[in-house]
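**Student:**
In the working numbering, the protein residues as written are 634 to 880.
Shown next, in the form of structure tokens:
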């Protein structure tokens with residue numbers, strides 16, 4: 634079967650510029666954004682470690698982490714069956730079935746599905762918007778990905794704390810406007826914030842993303858990395874962004 638034959642109506646095949654990997658996406662549903670790519674550059678998965686991506690969508694983060702890190706195995710959990718199906722087909726297209734597993738399920742049930750203390754690393758690019766904050770008129774697939782319809786920040790953090798082994802690492806990309814809430818809720822769940830990086834679209838603009846690393850059962854000490862600037866000028870990425878993307 635050719636790559637094109639594996640596509641369903643309205644789907645497309647995008648190159649990832651890593652190891653020749655590709656990913657199946659449907660632009661009418663939901664396509665991964667820069668936030669997922671930046672998280673894959675921020676997260677660290679060491680040799681022999683097991684990683685789980687909560688709300689994996691079309692599987693972009695496990696596929697990129699498999700390409701970029703020495704982790705032993707990567708799992709993606711996704712509640713939307715259509716997205717999970719695209720993720721599984723992308724894994725198969727890249728011949729990564731022995732390295733990446735895609736599971737259809739609810740992240741609120743993740744610790745029951747996989748068992749407590751079963752992963753060394755958790756990554757997540759969760760819905761940013763609370764309820765109807767922002768635009769909610771998109772189709773349901775996009776709304777679920779962007780708004781806390783099926784899960785809340787508390788759900789993500791509580792399940793991650795259960796899923797991680799002691800001293801396991803948690804990586805998340807989110808929005809700076811919720812940073813105070815994120816920090817307090819991470820600490821309350823036993824995920825101590827250890828590393829943070831703010832992402833700015835331009836050097837003279839406000840940050841629009843934050844990358845956070847937490848440690849299950851860690852001590853209270855936070856390292857703030859230098860800011861990550863996306864664009865040198867309109868349409869031209871900074872060297873750091875080109876490096877993360879692999880161009």
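The beta-carbon is built from N, C-alpha and C at its ideal position, and this holds for glycine as well. Fair warning: this is a prediction, and the values are worked out from it, not measured in the lab.
Do residue 786 and residue 752 have their C-beta atoms within less than 9 Å of each other?
**Tutor:** For this step, residue 786 is matched to residue 153 along the chain shown. For this step, residue 752 is matched to residue 119 along the chain shown. Their beta carbons are not under 9 Å apart, which means residue 786 does not touch residue 752 by this criterion.
**Student:** Do residue 654 and residue 758 have their CB atoms nearer than 9 Å?
**Tutor:** As a position in the chain shown, residue 654 is number 21, starting the count at 1. As a position in the chain shown, residue 758 is number 125, starting the count at 1. No. Outside cutoff.
**Student:** Is the beta carbon of residue 952 less than 9 Å from the beta carbon of residue 683?
**Tutor:** This structure gives no information on residue 952, because the portion of the chain shown stretches from 634 to 880.
**Student:** Counting Cβ pairs closer than 8 Å, one from the stretch 811 to 830 and one from the stretch 636 to 650, do we hit at least three?
**Tutor:** By the Cβ rule, the stretch 811 to 830 does not count as touching the stretch 636 to 650, because fewer than three pairs are nearer than 8 Å.
**Student:** Provide the residue span of the alpha helix (DSSP H) that contains residue 688, from first to last.
**Tutor:** In the chain shown, residue 688 corresponds to position 55, counting from 1. Premise fails: residue 688 is in no alpha helix (DSSP H) and is neither H nor E.
**Student:** On the DSSP bridge assignment, give the partners of residue 832 in chain order.
**Tutor:** Translated into the one-based positions of the chain shown, residue 832 becomes position 199. Partner(s): 842 and 861.
**Student:** Indicate the three-state DSSP secondary structure (helix, strand or coil) for residue 820 in the structure shown.
**Tutor:** Translated into positions along the chain shown, residue 820 becomes position 187. In the three-state scheme derived from DSSP, where H, G and I count as helix and E and B as strand, residue 820 is classed as helix.
**Student:** Where does residue 648 sit, in a helix, a strand or coil, going by DSSP?
**Tutor:** For this step, residue 648 is matched to residue 15 along the chain shown. Here residue 648 sits in strand by DSSP.
**Student:** Can you give me the Cβ contacts of residue 791 inside the same chain, cut-off strictly under 6 Å, excluding the 5 residues immediately before and after it?
**Tutor:** Within the chain shown, the letter at position 158 stands for residue 791. Correct list, in chain order: 822.
**Student:** So residue 800 is in the beta strand (DSSP E); what residue range does that whole segment cover?
**Tutor:** Sequence index remark: in the chain shown, residue 800 carries index 167 (1-based). 797 to 807 is the extent of the beta strand (DSSP E) around residue 800.
**Student:** State the Cα-Cα distance for the pair residue 651 and residue 669, rounded to the nearest angstrom.
**Tutor:** For the purposes of this step, residue 651 is taken as the residue at position 18 of the chain shown. For the purposes of this step, residue 669 is taken as the residue at position 36 of the chain shown. Approximately 15 Å between the Cα atoms of the pair.
**Student:** Under the rule that 16 or more other beta-carbon atoms within 10 Å means buried, what is residue 856, buried or exposed?
**Tutor:** Numbered from 1 along the chain shown, position 223 holds the residue referred to as residue 856. Flag for residue 856 reads exposed.
**Student:** Hey, out of 689, 877 and 748, whose CA is closest to residue 709's CA?
**Tutor:** For this step, residue 709 is matched to residue 76 along the chain shown. Nearest of 689, 877 and 748 to residue 709, Cα basis: 689.
**Student:** Could you give the DSSP three-state label for residue 674: helix, strand or coil?
**Tutor:** Translated into the one-based positions of the chain shown, residue 674 becomes position 41. Note: residue 674 maps to helix in three-state DSSP.
**Student:** So, is residue 768 buried or exposed, given that buried needs 16 or more other C-beta atoms within 10 angstroms?
**Tutor:** Here residue 768 corresponds to residue number 135 of the chain shown, with the count starting at 1. Low local confidence applies: a pLDDT of 46 at residue 768 is under 50, so the model's placement there is unreliable, and no value is given.
**Student:** Looking at the unbroken alpha helix (DSSP H) that takes in residue 873, where does it start and where does it end?
**Tutor:** Here residue 873 refers to the residue found at position 240 of the chain shown. Looking at the DSSP string, the run of the alpha helix (DSSP H) that includes residue 873 is 872 to 878.
**Student:** Does the contact criterion of 3 or more C-beta pairs under 8 Å hold for the stretch 741 to 752 versus the stretch 716 to 730?
**Tutor:** Not touching, per the Cβ criterion.
**Student:** Can you tell me whether DSSP reads residue 695 as helix, strand or coil?
**Tutor:** Here residue 695 is taken as the residue at index 62 of the chain shown, counted from 1. Annotated three-state conformation of residue 695 is helix, per DSSP.
**Student:** Relative to the ligand COA, is the shortest distance from any of its heavy atoms to the C-beta of residue 724 smaller than 8 Å?
**Tutor:** Annotation note on the ligand COA: not contained in the displayed structure, which lists no ligands.
**Student:** For residue 658 and residue 876, I'd like the C-alpha separation in whole angstroms.
**Tutor:** The residue you call residue 658 lines up with position 25 of the chain shown. The residue you call residue 876 lines up with position 243 of the chain shown. Going from the Cα of residue 658 to the Cα of residue 876 covers about 23 Å.
**Student:** So, with DSSP's three-state summary, where would you put residue 848?
**Tutor:** Counted from its first residue, the chain shown places residue 848 at position 215. Three-state result, residue 848: strand.
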